[in-house]
Amino acid sequence: MRDIAYNLPFFYGSISRSEADDYLRLGGMSDGLFLLRLCLRNLGGYVLSVVYELKIYHYPIERQLNGTYAIAGGKAHCGPEELCEYYSRDADGLCSVLRKPCLRAAGVEPKPGVFDSIREHMLREYARQTWNLEGEALEQAIISQAPQLQKLIATTAHEKMVWYHGPISREDAERRLYSGAQPDGKFLLRQRKEAATYALSMLYGKSAYHYKIDLDKSGKFSITDGSKFDTLWQLVEYLKLKSDGVINVLREACNNPSQPNEPVKPPSLPPNRQSVVGLACNPDGYTPEPFGGHRIHPEDTSSYVSPYSDPEELKDKKLYLKRECLLIDEVELGSGNFGCVKKGVYKMRKKQIDVAIKVLKNDNEKSLKDELMKEAEFMQKLDNPYIVRMIGVCQAEHLMLVMEMAAGGPLNKFLSSKKDHISIDNVVELLHQVSVGMKYLEENNFVHRDLAARNVLLVNQHYAKISDFGLSKAIGADDSYYKARTAGKWPVKWYAPECINFRKFSSKADVWSFGITMWEALTFGQKPYKKMKGPEVVSFIEHGGRLDRPAECPDEMHELMQECWTYKWEDRPGFEKVESKMRNYHDQITQKPTTV
Ligand code: ADP
Ligand code: MG
1 MRDIAYNLPF
11 FYGSISRSEA
21 DDYLRLGGMS
31 DGLFLLRLCL
41 RNLGGYVLSV
51 VYELKIYHYP
61 IERQLNGTYA
71 IAGGKAHCGP
81 EELCEYYSRD
91 ADGLCSVLRK
101 PCLRAAGVEP
111 KPGVFDSIRE
121 HMLREYARQT
131 WNLEGEALEQ
141 AIISQAPQLQ
151 KLIATTAHEK
161 MVWYHGPISR
171 EDAERRLYSG
181 AQPDGKFLLR
191 QRKEAATYAL
201 SMLYGKSAYH
211 YKIDLDKSGK
221 FSITDGSKFD
231 TLWQLVEYLK
241 LKSDGVINVL
251 REACNNPSQP
261 NEPVKPPSLP
271 PNRQSVVGLA
281 CNPDGYTPEP
291 FGGHRIHPED
301 TSSYVSPYSD
311 PEELKDKKLY
321 LKRECLLIDE
331 VELGSGNFGC
341 VKKGVYKMRK
351 KQIDVAIKVL
361 KNDNEKSLKD
371 ELMKEAEFMQ
381 KLDNPYIVRM
391 IGVCQAEHLM
401 LVMEMAAGGP
411 LNKFLSSKKD
421 HISIDNVVEL
431 LHQVSVGMKY
441 LEENNFVHRD
451 LAARNVLLVN
461 QHYAKISDFG
471 LSKAIGADDS
481 YYKARTAGKW
491 PVKWYAPECI
501 NFRKFSSKAD
511 VWSFGITMWE
521 ALTFGQKPYK
531 KMKGPEVVSF
541 IEHGGRLDRP
551 AECPDEMHEL
561 MQECWTYKWE
571 DRPGFEKVES
581 KMRNYHDQIT
591 QKPTTV
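Going by my numbering, the letters in the sequence shown line up with residues 1 to 596, in that order.
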């Protein structure tokens, strides 16, 4: 796949800073002369190099997780082209407005980046393998998960490189470097004893030099305060171009005897996994095994900083969508108080995606309209792989809330219709994902208030997302709960005692609902407290009654749901604990190594 900036005549691809300087000098060094190049440090990032008063300024453009591009502290734009266009109208903090593009000479193509060709390939393979997807569903998953996936893959990609030797000692590293030819710049990377720290070992003048690679709090790698990189792989590629703080540029890779003896190439999947692609396997016989054979936990994808954590970021994310970009199908996916949810297609700049559209049936009823807008504004703040993403709102024949499509539908229906084909392990996998999404809400001080199996939607059998934020609230910074003014049409069977008694809603109350959701899932979609009416359930709970253990429920899961139903909210675990218990149990049953 070509870089999206490939066709810009002032885009030079993967050139170094000094090469950029050379091009600008050749271009005449007039004020506002500029070019665009790929950033060698940030995944998917660029650098804008601009001349002002005979000096050259370099501005890194970061690609954010929501797919927008911004210069640090500047506005977000949907692509590098739009960003350049913006700064050609307004300097907005840069040394100068962009006046004159420094054009590539005829016949000069942008220099390919080391990551270009392989990124797309790896992304696709990863999504295909981990989620067992094909066709349209695969494309959908790639669109909605691309930023997280890119980072995940790139952070483990070094393990496939010939220069990566794993956890070998310093002495072993020297032995390997000294074996065979000993040119300057011969190098390898190894893992140090301290967890997750690495070292670069290099030969220069027949001596071995060792550099510790630091990992800072934000997850960036660097050597002794040098440039910071998102991944080890990028650090190596950068040091091949520039001896930034080390004695020599990296030249020849010292090959790891246990890696294939080939130059740096796109990591490929082990043959046994490749052969699985496209084969119809037993519906529940599929165990996710991510790229490289290492288990990557779903929560790894949620650890990234939300692009919307800064309220400033919200300004540029467009809430309203154009009606002409939306095709609405007649197919109804579901319905509720507000109206119905229809299937549709949303045409984006370069692709189209399947969407679910919540259509307000009665636009004249202001309270319903306000509610749907509140739901949209709430969803706009959310950014997590296990939460349904909102695409935007469209005000046309009706007010419509457009979301990414979760084609598998609600978890309770899915499980009750497929109970003979779904294993308990599969159910645990999905519940763990829900706990990851809920942990994200807890961390961000949001309460869901309607967590139930009906509001967990499936992208596919192995991929769940939390939805329906119609009752959700943000908790004030100084509060630990939201207090509802009056009781409403509430899902009482899912509510904790303090919700009913004191109208107090916290993440701990969501934990109670998670317990009920666990029960629903582990009973394959049964209705909780079967024939009991709301008030009966309330009194049953007050008297210490709880739902029975589901027939096939593992002990660990039964214990956890009971913990979720701890009467006093102060004593109830939060999602941090619940997620960790879910994860440990899920790891235990899949018997996968938990450390990379
Ligand atoms: P309500 O507030 O009425 O419960 P929901 O947001 O839960 O509204 O949506 C109602 C139904 O519409 C869901 O149960 C589901 O069947 C369908 N639905 C909602 N959102 C989606 C989506 N993103 N993808 C697929 N189906 C959806
Ligand atoms: Mg619902």
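Glycine is no exception: its CB is placed at the ideal position from the N, C-alpha and C atoms.
For residue j and residue i, believed in contact at Cβ under 8 Å, the rounded distance
{"i": "I391", "j": "Y346", "result": "6 Å"}
{"i": "A464", "j": "L458", "result": "6 Å"}
{"i": "D354", "j": "Q140", "result": "6 Å"}
{"i": "V447", "j": "K473", "result": "5 Å"}
{"i": "H158", "j": "T224", "result": "At roughly 19 Å, the Cβ-Cβ gap does not stay under 8 Å, so H158 and T224 are not in contact."}
{"i": "S435", "j": "F514", "result": "7 Å"}
{"i": "A137", "j": "A406", "result": "11 Å between Cβ atoms; not a contact."}
{"i": "G166", "j": "R192", "result": "Between R192 and G166 the Cβ distance is about 11 Å, and since that is not below 8 Å, they are no contact."}
Proximity below 7 Å, CB of residue i to CB of residue j
{"i": "F11", "j": "P101", "result": "no"}
{"i": "C254", "j": "K186", "result": "yes"}
{"i": "V393", "j": "A521", "result": "no"}
{"i": "D214", "j": "S227", "result": "no"}
{"i": "A487", "j": "A496", "result": "no"}
{"i": "I56", "j": "I71", "result": "no"}
{"i": "Y204", "j": "I168", "result": "no"}
{"i": "L36", "j": "Y52", "result": "no"}
{"i": "L333", "j": "A356", "result": "yes"}
{"i": "G32", "j": "S96", "result": "yes"}
{"i": "K318", "j": "I328", "result": "no"}
{"i": "K533", "j": "L560", "result": "no"}
{"i": "A475", "j": "N445", "result": "The displayed chain sequence assigns Ile, not Ala, to residue 475. Cβ distance < 7 Å, so I475 and N445 count as in contact."}
{"i": "F502", "j": "R449", "result": "no"}
{"i": "L399", "j": "D363", "result": "yes"}
{"i": "L411", "j": "A376", "result": "no"}
{"i": "R41", "j": "F229", "result": "yes"}
Cα-Cα separation between residue i and residue j, rounded to whole angstroms
{"i": "E59", "j": "G73", "result": "Note on residue identity: the sequence assigns Tyr, not Glu, to residue 59. Approximately 11 Å between the Cα atoms of the pair."}
{"i": "A280", "j": "F414", "result": "Per-residue confidence for A280 stands at a pLDDT of 25, beneath the threshold of 50, marking its modelled position as unreliable; no derived number is given."}
{"i": "K483", "j": "T68", "result": "36 Å"}
{"i": "D216", "j": "S207", "result": "29 Å"}
{"i": "L24", "j": "C84", "result": "16 Å"}
{"i": "L368", "j": "R17", "result": "55 Å"}
{"i": "V511", "j": "G545", "result": "17 Å"}
{"i": "N455", "j": "H77", "result": "33 Å"}
{"i": "K439", "j": "E576", "result": "6 Å"}
{"i": "S335", "j": "L133", "result": "27 Å"}
{"i": "G470", "j": "E371", "result": "7 Å"}
{"i": "E579", "j": "H558", "result": "15 Å"}
{"i": "P80", "j": "I4", "result": "8 Å"}
{"i": "P528", "j": "Q562", "result": "14 Å"}
{"i": "Q64", "j": "W565", "result": "39 Å"}
{"i": "T517", "j": "E404", "result": "22 Å"}
{"i": "R175", "j": "P112", "result": "35 Å"}
{"i": "Y198", "j": "L188", "result": "11 Å"}
{"i": "H586", "j": "E443", "result": "22 Å"}
{"i": "E498", "j": "G409", "result": "31 Å"}
{"i": "I598", "j": "Q352", "result": "Residue 598 is absent from the structure shown; the chain starts at 1 and stops at 596."}
{"i": "L360", "j": "R389", "result": "19 Å"}
{"i": "L38", "j": "D468", "result": "39 Å"}
{"i": "G44", "j": "S30", "result": "29 Å"}
{"i": "D425", "j": "W494", "result": "24 Å"}
{"i": "R201", "j": "I143", "result": "According to the sequence as given, residue 201 is Ser; it is not Arg. C-alpha separation (whole angstroms): 38 Å."}
{"i": "V537", "j": "K568", "result": "17 Å"}
{"i": "H421", "j": "L94", "result": "59 Å"}
For residue i: DSSP bridge partner residues
{"i": "A477", "result": "According to DSSP, A477 bridges with nothing at all."}
{"i": "N202", "result": "In the sequence as presented, Asn is not what sits at residue 202; that position holds Met. Paired residues: F187, Y209."}
{"i": "K439", "result": "Note: K439 sits in no beta bridge, so no partner."}
{"i": "E332", "result": "K342"}
{"i": "L458", "result": "G409, A464"}
{"i": "Y320", "result": "V393"}
{"i": "K347", "result": "Q352"}
{"i": "G13", "result": "K111"}
{"i": "Y164", "result": "L189"}
Cutoff 7 Å: residue i Cβ touching any chain D Cβ
{"i": "L372", "result": "In the structure shown, chain D cannot be found, because there is only a single protein chain."}
Just list the beta strand (DSSP E) runs in the segment 350 to 425, keeping only unbroken ones of 3 residues or longer that don't cross its boundaries, in chain order.
-> 352 to 360, 390 to 395, 399 to 404
Taking only runs that begin and end inside the segment 461 to 536, name each unbroken beta strand (DSSP E) of 3 or more residues, in chain order.
-> 463 to 466
Measuring from each Cβ to the nearest heavy atom of the ligand PLP, keep the ones under 7 Å and list them in chain order.
-> By its list of ligands, the structure shown excludes the ligand PLP, since it contains just the ligand ADP and the ligand MG.
Note down, one range per segment and in chain order, each beta strand (DSSP E) of at least 3 residues found wholly within the segment 50 to 74.
-> 55 to 63, 69 to 71
For the segment 73 to 116, list the alpha helix (DSSP H) runs that are entirely contained and at least 4 residues long, ordered along the chain.
-> 80 to 89
Those runs of the beta strand (DSSP E) which lie wholly inside the segment 214 to 261 and span at least 3 residues = 221 to 223, all fully within the segment 214 to 261.
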